[in-house]
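**Q**
Numbering (the working numbering), first residue to last: 3 to 269.
1. Pairing CB atoms from the segment 145-163 with CB atoms from the segment 115-127, are three or more of them under 8 Å?
2. Which class does residue 235 belong to by DSSP, given the choice of helix, strand or coil?
3. Name the residue from 184, 143, 156 whose alpha carbon lies nearest to the alpha carbon of residue 175.
4. Touch check for the segment 158-169 and the segment 177-189: three-plus C-beta pairs under 8 Å?
5. Could you compute how far the alpha carbon of residue 173 sits from the alpha carbon of residue 108?
6. Going straight from the alpha carbon of residue 190 to that of residue 171, what length do you get?
7. Identify whether residue 156 lies in helix, strand or coil by the three-state DSSP scheme.
8. Within a Cβ cutoff of 7 Å, which residues of the same chain sit near residue 1, ignoring the five residues on either side of it in sequence?
9. Any idea what DSSP makes of residue 253, helix, strand or coil?
10. DSSP three-state label for residue 181, please.
11. Check whether the Cβ of residue 233 lies closer than 7 Å to any heavy atom of the ligand NAP, and answer yes or no.
12. Helix, strand or coil: how does DSSP classify residue 164 here?
13. Quick check for students: name the residue ranges of the beta strand (DSSP E) that lie wholly in the segment 90-123, counting only runs of 3 or more.
14. Can you tell me which of the three DSSP states residue 191 falls into?
15. What three-state label does DSSP hand residue 170 in the structure shown?
16. Give the DSSP-derived three-state secondary structure of residue 17 in the structure shown.
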């Protein structure tokens, strides 16, 4: 190691006004210190004078082992690592900023996904409740229609059977109700036709009277019922009188029958 250090070219120079030479610190020639230009070319490449002078000052304070390490082939490339470390630090900070931004974006996306999941759950719950309510409503409607169908069967004594059922309780009940409704309409038409044949006077009317008086006129004949009743009463009276005279065996002068005083005679 000492022979390698002595092989370095040296010259007399003062470093930073201290007057301390490399030989004095290393136990070599006291008036000779290695300067920046004494370093190998690969160690002086792209370095400024200020940097090389500072390097020389650092070399003065180094031990034999440190100077050997400084001049070795694998140590010199470390001199440029400061800038690389700074660039790496800046890149790491930039990557950290990007990572934080991506993390914030991921959190926002996760919050959006959670909100969508909640909205989907609410929609599914609402749909389930709506389906349940609709099923209950259809069941109630089916029950009422079946009740009406049973009442039709009790009145008409007509039962029907579906040829092609829909396998749906509500639709099948509506189909039965349609059959019963058709049967009722046809029965009413037939009854109207039969009654119009039996009672033609009551059924030719096309309009319903506005008042009860008009309704009564529809059922009364056009002649005066009072006058007709009086005539019938007089007829009954005459017949009764004739019957009484015949029963009394009296001789009556029918020419004078209009005189009520001569109707009765003593026996």
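Positions of the beta carbon are idealized from the N, C-alpha and C atoms, including for glycine.
**A** According to the structure shown:
1. Touching, no, given that fewer than three Cβ pairs across the two stretches are closer than 8 Å.
2. Here residue 235 refers to the residue found at position 233 of the chain shown. The DSSP-derived three-state label of residue 235 is helix.
3. Looking up residue 175 in the chain shown gives position 173. Comparing Cα-Cα distances from residue 175 to each of 184, 143, 156, the minimum goes to 143.
4. Yes: at least three Cβ pairs fall under 8 Å.
5. By one-based count along the chain shown, residue 173 stands at place 171. By one-based count along the chain shown, residue 108 stands at place 106. Cα-Cα distance, rounded: 52 Å.
6. In the chain shown, the residue the question calls residue 190 occupies position 188. In the chain shown, the residue the question calls residue 171 occupies position 169. The alpha-carbon atoms of residue 190 and residue 171 are separated by roughly 29 Å.
7. Residue numbering aside, residue 156 sits at position 154 when the chain shown is read from its first letter. In this structure, residue 156 counts as helix in the three-state DSSP scheme.
8. No answer is possible for residue 1: it lies beyond the span of the chain, which begins at 3 and ends at 269.
9. Residue numbering aside, residue 253 sits at position 251 when the chain shown is read from its first letter. In this structure, residue 253 counts as coil in the three-state DSSP scheme.
10. The residue labelled residue 181 in the question sits at position 179 within the chain shown. Correct three-state label for residue 181: helix.
11. Although the ligand NAP was asked about, the structure shown includes no ligands whatsoever.
12. Taking the chain shown and counting its residues from 1, one reaches residue 164 at position 162. It is coil, neither helix nor strand.
13. Within the segment 90-123, no run of beta strand (DSSP E) at least 3 residues long lies entirely inside it.
14. Counting from one through the chain shown, the residue named residue 191 turns up at place 189. For residue 191, the three-state secondary structure derived from DSSP is helix.
15. The residue labelled residue 170 in the question sits at position 168 within the chain shown. If DSSP states are grouped into helix, strand and coil, residue 170 belongs with coil.
16. In the chain shown, the residue the question calls residue 17 occupies position 15. With a pLDDT of 39 at residue 17, under the threshold of 50, the predicted position of this residue should be treated as unreliable, though the coordinate-derived value follows. Shown here, residue 17 sits in coil according to DSSP, grouped into three states, outside any helix or strand.
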